[in-house]
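Q: If you scroll down you'll find the structure; I have some questions about it.
Here it is as structure tokens:
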């Protein structure tokens with residue numbers, strides 16, 4: 001595709017990858033937001049970047065953030081600031097429009113995290129039809145989310161060599177290019193092994209999870225993981241206010257907290273670099289927590 005839109009998005013992708021060092025799924029998300037904005041702004045007309053005005057940006061953000069979560073809205077505005085700063089530094093714009101992107105307020109500690117009870121988590125897992133290839137794949141994905149609290153991007157980026165079967169460990173390629181090793185619980189290892197042995201087709205990608213229909217390739221974007229979660233919730237007959245992959249991360253943290261784990265211990269499980277990130281989970285302490293802390297269960301697939 002040699003269109004002006006494809007050309008500028010390719011240049012932006014190179015900038016994000018080589019100069020900013022962003023991971024692939026974040027780059028795809030940034031590009032997706034920018035593509036939607038440019039298509040909406042120019043509507044099939046010539047792509048004249050210098051014609052973009054501050055009001056175009058603010059109007060688009062205000063119009064499209066209404067149905068988004070705070071996290072998604074913040075991701076979109078971050079992508080826009082990055083893109084317009086890139087255009088300014090590359091001489092495509094005479095004015096740096098990054099400052100024109102509205103700020104999305106994040107009253108992080110004003111809302112209680114959405115979560116499922118342990119019983120509801122098990123209900124979602126049991127709703128997977130493990131007699132089918134899709135069911136076994138989705139079951140393995142959901143277990144990674146539920147037992148280890150992985151983010152959608154971390155499941156999306158999981159590669160075959162990241163699973164150390166002998167040591168019972170799994171390498172997590174986290175945010176900010178940070179890598180962590182976590183214990184591989186036995187049920188997660190068994191689900192992964194079942195999917196890999198029976199269902200994962202031979203294909204060039206090293207990603208663990210791939211499409212079950214042709215073309216056999218890895219998921220294009222990390223949001224596919226959240227789509228799998230939403231479908232699983234429907235199968236289980238659940239309708240929580242939040243339906244993305246992060247729901248299981250919140251559910252794990254809440255379950256640990258109610259079992260007596262400290263905020264610091266939960267932060268270690270979720271691999272939070274900033275302790276304040278975990279503070280939101282203190283808000284779910286409605287019933288008064290027991291003083292005894294239960295250790296994080298370490299399991300290994302043998």
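Residue numbers (my numbering): 1 to 302.
We put the CB at the ideal spot given by N, CA and C, even for glycine.
Source: prediction; values computed, not measured.
Please state the DSSP three-state secondary structure of residue 97.
A: Taking the chain shown and counting its residues from 1, one reaches residue 97 at position 97. Three-state result, residue 97: helix.
Q: Within the same chain, show all residues whose beta-carbon is closer than 6 Å to that of residue 81, passing over the 5 residues directly before and after it, in chain order.
A: Residue 81 sits at position 81 when you count from the first residue of the chain shown. Closer than 6 Å at Cβ, skipping near neighbours: 98 and 101.
Q: Taking the beta strand (DSSP E) that residue 68 belongs to, which residues open and close that run?
A: For this step, residue 68 is matched to residue 68 along the chain shown. Unbroken run through residue 68: none, as it is neither H nor E.
Q: Cβ atoms of residue 251 and residue 121: under 7 Å apart, would you say?
A: On the chain shown, residue 121 is found 121 positions in, with the first residue counted as 1. On the chain shown, residue 251 is found 251 positions in, with the first residue counted as 1. Contact: yes.
Q: Put residue 118 into one of helix, strand or coil per three-state DSSP.
A: Residue mapping note: residue 118 aligns to position 118 of the chain shown, counting from 1. Of the three classes helix, strand and coil, the one that applies to residue 118 here is helix, per DSSP.
Q: How would you call residue 166, buried or exposed, if buried means at least 16 neighbouring beta carbons within 10 angstroms?
A: In the chain shown, counting from the first residue as 1, residue 166 sits at position 166. Exposed, because fewer than 16 other Cβ atoms sit within 10 Å of the Cβ of residue 166.
Q: With C-beta atoms as the reference, is residue 236 less than 7 Å away from residue 142?
A: Locating residue 236 in the chain shown gives position 236, where the first residue counts as 1. Locating residue 142 in the chain shown gives position 142, where the first residue counts as 1. Contact: no.
Q: Give every residue of the same chain whose Cβ lies closer than 7 Å to the Cβ of residue 241, excluding the five residues on either side of it in the sequence, and list them in chain order.
A: Translated into positions along the chain shown, residue 241 becomes position 241. Excluding sequence neighbours, residue 241 sits near 114.
Q: Would you kindly report the start and end of the unbroken alpha helix (DSSP H) that includes residue 249?
A: Counting from 1 along the chain shown, the entry for residue 249 is found at position 249. Note, residue 249: alpha helix (DSSP H), 246-258.
Q: What does residue 218 pair with, by DSSP beta-bridge criteria?
A: The count along the chain shown starts at 1 and reaches residue 218 at position 218. DSSP lists 210 as partners of residue 218.
Q: Locate the beta strand (DSSP E) running through residue 179, then write down its first and last residues.
A: As a position in the chain shown, residue 179 is number 179, starting the count at 1. Unbroken beta strand (DSSP E) run through residue 179: 179-183.
Q: Are the CB atoms of residue 130 and residue 195 nearer to each other than 7 Å?
A: On the chain shown, residue 130 is found 130 positions in, with the first residue counted as 1. On the chain shown, residue 195 is found 195 positions in, with the first residue counted as 1. With contacts defined as CB atoms closer than 7 Å, residue 130 and residue 195 fail to qualify as a contacting pair.
Q: Considering residue 47, what are the terminal residues of the beta strand (DSSP E) in which it resides?
A: Counted from its first residue, the chain shown places residue 47 at position 47. Annotation for residue 47: no beta strand (DSSP E) segment contains it, and DSSP assigns it neither H nor E.
Q: Do residue 60 and residue 37 have their CB atoms nearer than 7 Å?
A: Within the chain shown, numbered from 1, the residue matching residue 60 stands at position 60. Within the chain shown, numbered from 1, the residue matching residue 37 stands at position 37. Yes, the pair counts as a contact, with Cβ atoms nearer than the cut-off.
Q: Starting from the C-beta of residue 107, find all residues in its chain whose C-beta is less than 6 Å away, skip the five residues before and the five after it, and write them out in chain order.
A: As a first step, residue 107 must be located in the chain shown, where it is residue number 107. Confidence is the limiting factor: at residue 107 the pLDDT is only 49, short of 50, which leaves the residue's position unreliable, though a coordinate-based value still follows. Taken in chain order, the list of residues that qualify is empty.
Q: Does the beta-carbon of residue 177 have 16 or more other beta-carbons within 10 angstroms, so that it is buried, or is it exposed?
A: Numbered from its first residue, the chain shown carries residue 177 at position 177. Its Cβ having fewer than 16 others within 10 Å, residue 177 is exposed.
Q: Kindly indicate which residue of 118, 22, 2 and 41 has the alpha-carbon position closest to the one of residue 259.
A: Here the question's residue 259 lines up with position 259 in the chain shown. Ranking the options by Cα distance to residue 259, first place goes to 118.
Q: Between the Cα of residue 9 and those of 116, 23 and 33, spot the shortest distance and give me the residue it belongs to.
A: Along the chain shown, read from residue 1 onward, the residue named residue 9 stands at position 9. Among 116, 23 and 33, the Cα nearest to that of residue 9 belongs to 33.
Q: In the DSSP assignment, what residue or residues form a beta bridge with residue 171?
A: Residue 171 sits at position 171 when you count from the first residue of the chain shown. Answer is 181.
Q: Taking the beta carbon of residue 154 as the centre, do at least 16 other beta carbons fall within 10 Å, making it buried, or is it exposed?
A: Numbered from 1 along the chain shown, position 154 holds the residue referred to as residue 154. The residue in question, residue 154, is buried, as its Cβ has 16 or more Cβ neighbours within 10 Å.
Q: Check whether the Cβ atoms of residue 211 and residue 217 lie closer than 7 Å to each other.
A: Position 211 of the chain shown holds residue 211. Position 217 of the chain shown holds residue 217. Their beta carbons are under 7 Å apart, which means residue 211 touches residue 217 by this criterion.
Q: Using a Cβ-Cβ distance under 7 Å, would residue 213 count as near chain D?
A: Of the chains in the structure shown, none is chain D; there is only one protein chain.
Q: Buried or exposed: residue 246, going by 16 or more other Cβ atoms within 10 Å of its Cβ?
A: Here residue 246 corresponds to residue number 246 of the chain shown, with the count starting at 1. So residue 246 ends up on the buried side.
Q: Which residue from 249, 15 and 53 puts its Cα closest to that of residue 229?
A: Position 229 of the chain shown, counted from the first residue, corresponds to residue 229. Cα-wise, what sits closest to residue 229 is 249.
Q: The alpha helix (DSSP H) that contains residue 7, what's its start and end?
A: Taking the chain shown and counting its residues from 1, the one referred to as residue 7 is at position 7. Start and end: 4-14.
Q: Nearest-angstrom Cα distance between residue 86 and residue 151?
A: By one-based count along the chain shown, residue 86 stands at place 86. By one-based count along the chain shown, residue 151 stands at place 151. Distance between the alpha carbons of residue 86 and residue 151 is about 28 Å.
Q: Which residues in the same chain have their Cβ closer than 6 Å to the Cβ of residue 220, if we skip the five residues on either side of it in sequence?
A: For the purposes of this step, residue 220 is taken as the residue at position 220 of the chain shown. Once the five neighbours on either side are set aside, residue 220 has no close Cβ partner at all.
Q: Check whether the Cβ of residue 40 sits closer than 6 Å to any heavy atom of the ligand NAD, and report yes or no.
A: The ligand NAD is not part of this structure, which contains no ligands at all.
Q: Excluding five sequence neighbours on each side, which residues of the same chain lie with their C-beta closer than 6 Å to the C-beta of residue 181?
A: Taking the chain shown and counting its residues from 1, the one referred to as residue 181 is at position 181. Closer than 6 Å at the Cβ level, and outside the excluded window around residue 181, lie 169 and 171.
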